[in-house]
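Worksheet: one structure, shown below.
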Amino acid sequence: MVSKPVVYALSAVAVVLGLLFLVDSISSPSLDPAILIRNLATAVLAIALGIAAPLLIKRFQE
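Read left to right, the sequence shown gives residues 7 to 68 (our numbering).
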């Protein structure tokens, strides 16, 4: 099916961007704790969704 390669590619992009955002947030943290928590949560969610998407596609397309 054509959608699987697209899902895998977008998942890889989400994981890479999440990791970059995480490294950026850790290397130069914001002085405001709310902004730091928001940035870390965004990075973790991007990584988690990037990992979960291919697993969910596999599970529900079989």
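Even glycine gets a Cβ: it sits at the ideal position worked out from N, Cα and C.
- Residue 28 is a Cβ neighbour of residue 49, given a cutoff of 9 angstroms.
- If you compare the alpha carbons of 65, 23, 57 with that of residue 45, the shortest gap goes to 23.
- Residue 21 places its beta carbon less than 9 angstroms from that of residue 56.
- With 16 or more other CB atoms across the displayed protein chains lying within 10 angstroms of its CB, residue 31 is buried.
- Where residue 16 is concerned, the enclosing alpha helix (DSSP H) starts and stops at 9-33.
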